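Numbered according to my numbering, the sequence shown spans residues 11 to 104.
Glycine included, every Cβ here is placed at the ideal spot set by N, Cα and C.
Small disclaimer: the values here were computed from a predicted structure and weren't measured.
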Amino acid sequence: MVFVWDSQKNNINMKKHGISFEEAQEVFQDPLHLSILDIRFDYFEERWITIGQTRIGKLTVVAHLFFTERGEEVIRIISAREATANERRQYETL
């Protein structure tokens with residue numbers, strides 16, 4: 011699995027949410043992470059939302075794309091933020 015992102019978007023996300031995309035990629039190592047298709051808006055691409063814990067236990071929500079390139083699974087991170095109280099409760103019921 012390969013992670014990619016726009017470096018400028020990473021800087022903006024870090025300032026806005028205090029989470030870097032480097033940290034956000036740790037969510038996918040959480041054995042309890044949950045990915046769902048984001049159907050809230052009519053995106054021009056298939057966007058996903060994944061919730062899980064980082065290495066230090068920070069419950070994080072990551073918006074991203076899944077795709078395959080040259081036979082390898084790629085995750086393009088779009089944004090990341092700490093989970094809300096409601097999202098935390100939902101995660102804890104898994």
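Opposing strand residues paired with residue i [DSSP bridges]
i          : result
residue 58 : 47, 74
residue 91 : 71
residue 79 : 82
Within 7 Å, strictly: CB atoms of residue i and residue j
i          : j          : result
residue 13 : residue 85 : yes
residue 72 : residue 93 : no
residue 58 : residue 74 : yes
residue 34 : residue 90 : yes
residue 83 : residue 11 : yes
residue 69 : residue 50 : no
residue 62 : residue 37 : yes
Between the CA atoms of residue j and residue i - distance to the nearest angstrom
i           : j           : result
residue 64  : residue 102 : 15 Å
residue 45  : residue 16  : 21 Å
residue 41  : residue 21  : 28 Å
residue 28  : residue 53  : 25 Å
residue 100 : residue 81  : 34 Å
Per-residue DSSP class, three states only, for residue i
i          : result
residue 17 : helix
residue 65 : coil
residue 86 : strand
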